[in-house]
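Here the structure is laid out as structure tokens; the discussion comes afterwards.
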Amino acid sequence: MDQATAEERLLAAADTLFYERGVQAVGMDAIRQASGVSLKRAYQLFPSKEQLVEAVLRRRDRAVLAGLEAYTSARATPTARILAVFDYLDDWFRQPDFRGCAFINSYAELGGVSAGVADLVRGHKRAFTAHLAALVAAAGEPPALADQLAILANGAMVTAAITGSPEPARQAADVARRLLAAQGAT
């Protein structure tokens, strides 16, 4: 198996297992077994579990932000693009394997002991907020609205994971509509 294939298999297996069970509950042997990559090869590619966690988060960051961009850009108006963020969350929360935000979960598990994980999580959340800021700017809304929407979205992620319900996405969308209406956008 070539290096690229082995790396992709390890990242995919680790991403799935970390998301399902939590980072600390998953050992390298479980990742080896799920990926079909030998433990020796796994440690050649990722000398520590922390490096693997960071690589998984970088991979997930790219996928989430690209998915969000595609989802929101498909809407016709700037205001609809803002509200599409909450439709995106609703679709995600309805997935049978939804276990909350991998970034929030990773920060809860490792943020206090891994500066690398904490930095990656903060970077992802900054990028998420920057996406919202671009949508807010395109709609001609005040910049502070992006931070408010980010708080709503992140709160919905946590609440949906805890309750096991997709409803927080709709509730957050309702609040977002009210915030936009207060600005005169809807």
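Heads up: the sequence shown runs through residues 1 to 186, numbered per the UniProt record's numbering. For glycine and all other residues, C-beta sits at the position ideal for the given N, C-alpha and C.
Query                                                                                                 : Result
Glu7 and Leu45 closer than 7 Å at C-beta                                                              : yes
Ala1, DSSP secondary structure in three states                                                        : The sequence shown places Met at residue 1, rather than the Ala named in the question. The answer is coil: DSSP assigns Met1 none of H, G, I, E or B.
Cβ contact (3+ pairs, closer than 8 Å) linking the region 75-93 and the region 167-185                : yes
Beta-carbon spacing of Val23, Glu109 below 7 Å                                                        : yes
Enclosing alpha helix (DSSP H) for Pro166 [first to last residue]                                     : Careful: Pro166 lies outside any alpha helix (DSSP H) and carries neither H nor E.
Contact belief for Met84 with Tyr71 at Cβ below 8 Å, rounded distance in angstroms                    : It should be noted that the sequence gives Ala, not Met, for residue 84. About 6 Å; that satisfies the 8 Å criterion.
Helix, strand or coil at Ala74 according to DSSP, with G and I counted as helix                       : coil
Among Pro96, Thr5, Leu11, the one whose alpha carbon lies nearest that of Ala160                      : Pro96
Contact check, Ala102 vs Tyr43, beta carbons under 7 Å                                                : no
Inter-residue spacing [alpha-carbon to alpha-carbon] between Val175 and Asn105                        : 24 Å
Exposure of Asp15, with buried meaning 16 or more beta-carbon neighbours within 10 Å                  : buried
Through-space distance from Pro142 to Ser73, alpha-carbon basis                                       : 20 Å
Contact check, Leu10 vs Arg59, beta carbons under 7 Å                                                 : no
Of the residues Ser48, Val53, Arg21, Ala13, the one placed nearest Val37, counting alpha carbons only : Ala13
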